[in-house]
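Accompanying notes for the structure given below.
In my numbering, the protein residues as written are 275 to 745.
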């Protein structure tokens with residue numbers, strides 16, 4: 275008899291399943307399908323002014339000022355949002371490869387975006403040989419051939435050196451596992467004494483992604499570029515150049531190139547000055563990025579990923595990412611597992627030491643400045659981070675050299691908050707979401723009176739109202 279257990283392990287209570295009903299509007303903790311996630315994003319997408327009006331309407335309907343509990347404390351809540359001043363930082367300029375006249379191409383982003391379609395990468399990589407693995411049905415081979423042709427052509431236009439066709443093509447059979455197919459590619463490379471720089475993997479579904487990355491990154495040491503059927507169609511059939519360029523950018527970074535980097539020298543540009551003189555009230559002469567270059571800065575990103583509520587058997591994963599070059603464009607990572615739901619990193623000294631040693635190996639000098647961006651820390655854990663992770667960072671520096679004392683900037687970044695900002699004047703809003711401009715900083719009135727914090731809109735909100743980082 276099928277039964278539903280509703281009691282505890284020590285005192286089980288069973289009901290016949292046919293007598294039970296599933297109540298509506300229950301929270302679902304498991305992972306949603308891709309189509310469900312897309313549907314939710316579209317449903318929730320609201321431009322900033324509309325969401326602001328909805329919030330005002332909800333506050334009015336709640337009638338907080340009639341609440342006797344709030345009245346007893348003398349608390350009143352205005353329905354209209356508070357007006358605060360913000361400022362827009364000038365965007366950093368970006369260097370691409372040299373143009374036809376041998377002149378370095380420099381771009382200035384506008385509203386957090388820029389168009390690099392016509393330019394070569396700052397440092398284009400070389401791909402001596404690549405392979406192609408297909409988990410799609412065999413009759414898709416002609417489409418994959420066209421995909422290869424278009425991608426190779428696009429990569430070459432950006433400066434990447436790449437052969438005309440794959441050295442190896444492997445069609446997965448019905449009963450083949452991902453590991454079996456990768457082993458055949460690895461065996462062929464060993465047999466011919468060839469180093470395969472890249473493996474394109476045409477996935478049947480997104481569920482194969484984790485297996486492919488595990489086999490490529492861990493088991494066989496192969497650099498992989500996964501492609502879904504929809505992406506293959508966009509390239510082979512629709513000839514979408516933006517899709518091809520996005521893939522080329524991923525490939526270039528994965529095989530050792532640099533797509534673009536922050537401009538190193540001081541900037542004085544009339545066109546740039548005119549664009550921002552209303553904001554900054556004057557000419558622009560600054561060296562925004564020289565700090566990174568002159569001080570051998572090591573930029574570290576730290577986060578811990580936790581399993582979902584239903585994945586009780588899985589551990590948490592702590593990752594520490596850091597640049598290995600002076601221009602802060604190439605990043606390597608140290609990843610370790612730790613007890614589930616634990617936010618503070620237990621092996622932080624070892625993971626940071628890995629990043630520090632690799633930086634020294636590549637540059638031949640220790641960084642003068644270390645900038646740490648720490649994600650996933652709530653306000654209640656600030657003191658724990660200061661008392662445990664920051665001292666661990668200092669101990670790692672001391673273990674490298676007893677007299678090594680770099681300047682350390684420790685920044686906690688938060689995104690899960692309920693503060694939203696909207697432009698007072700519609701003309702200042704940007705994009706479909708009518709958001710505040712990219713680069714907007716709010717560091718007064720709504721910030722903490724005791725701590726150094728600020729709100730930063732570091733990107734262009736495409737679909738909905740932008741969520742600012744709290745730093």
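Glycine included, every Cβ here is placed at the ideal spot set by N, Cα and C. Predicted model only: the values in this text are computed from it and were never measured.
For the options 447, 293, 324, 536, the alpha carbon positioned closest to that of residue 395 is the one of 536.
Per the DSSP secondary-structure output, residue 372 pairs in a beta bridge with 378. Here residue 639 has 570 as same chain residues with Cβ atoms under 7 Å from its own Cβ, once five neighbours each way along the sequence are excluded.
The criterion of a C-beta distance shorter than 9 Å is satisfied by residue 360 and residue 695. In the structure shown, residue 687 adopts extended strand secondary structure according to DSSP, grouped into three states. For the segment 308-385, the continuous alpha helix (DSSP H) assignments of 4+ residues that do not extend past its boundaries occur at 308-318, 322-336, 342-346, in sequence order.
The beta carbon of residue 602 sits closer than 6 Å to the beta carbons of 566, 573 from its chain, once the five residues preceding and following it are set aside; these are given in chain order. Within the segment 442-470, the complete alpha helix (DSSP H) segments of 4 residues or longer fall at 452-466, listed in chain order. Looking only at 314, 448, 309, 444, the smallest Cα-Cα distance to residue 460 is reached by 444.
In the DSSP assignment, residue 503 falls within the alpha helix (DSSP H) that extends over 503-510. Between the C-alpha atoms of residue 478 and residue 468 there is a straight-line separation of about 27 Å. Annotation for residue 660: no alpha helix (DSSP H) segment contains it, and DSSP assigns it neither H nor E. Under the rule that a run must span 3 or more residues, the beta strand (DSSP E) segments found entirely inside the segment 571-650 read 571-579, 590-597, 605-612, 643-649. Around the CB of residue 518, 16 or more other CB atoms lie within 10 Å, so the residue is classed as buried. Shortest Cα-Cα distance from residue 623 to any of 663, 705, 680, 534 involves 663. For residue 665, the uninterrupted alpha helix (DSSP H) segment begins and ends at 664-674. With 16 or more other Cβ atoms inside 10 Å of its own Cβ, residue 489 counts as buried.
By the C-beta density criterion, residue 350 is exposed, having fewer than 16 other C-beta atoms within 10 angstroms. Bridge partners of residue 434 according to DSSP: none are assigned.
Nearest in C-alpha terms to residue 668, of all of 653, 684, 282, is 684. Of 391, 709, 717, the smallest CA-CA separation from residue 322 is found for 709. Bridge pairing for residue 535: 369 [DSSP]. Residue 484: member of the alpha helix (DSSP H) spanning 483-487, first to last residue. A distance below 7 Å between beta-carbons, with the five flanking residues on each side excluded, links residue 530 to the following residues of its chain, in chain order: 399. Looking at the DSSP output, residue 288 sits in a beta bridge with 279. With respect to the 9 Å criterion, residue 381 and residue 363 are not classified as neighbours on the basis of their beta carbons. Taking 8 Å as the upper bound for CB-CB distance, residue 407 and residue 475 are in contact here, some 5 Å apart.
When secondary structure is reduced to three states using DSSP, residue 716 falls in the strand class. Where residue 516 is concerned, the enclosing alpha helix (DSSP H) starts and stops at 515-528.
Scanning 447, 650, 428 for the CA closest to the CA of residue 438 turns up 428. Taking a C-beta distance under 9 Å as the contact criterion, residue 584 and residue 650 do not qualify as a contact pair.
Excluding its 5 nearest sequence neighbours in each direction, residue 633 has C-beta neighbours in its own chain below 8 Å: 572, 596, 597, 598, 640, 641, listed in chain order. DSSP places residue 408 inside the beta strand (DSSP E), whose first and last residues are 404-408.
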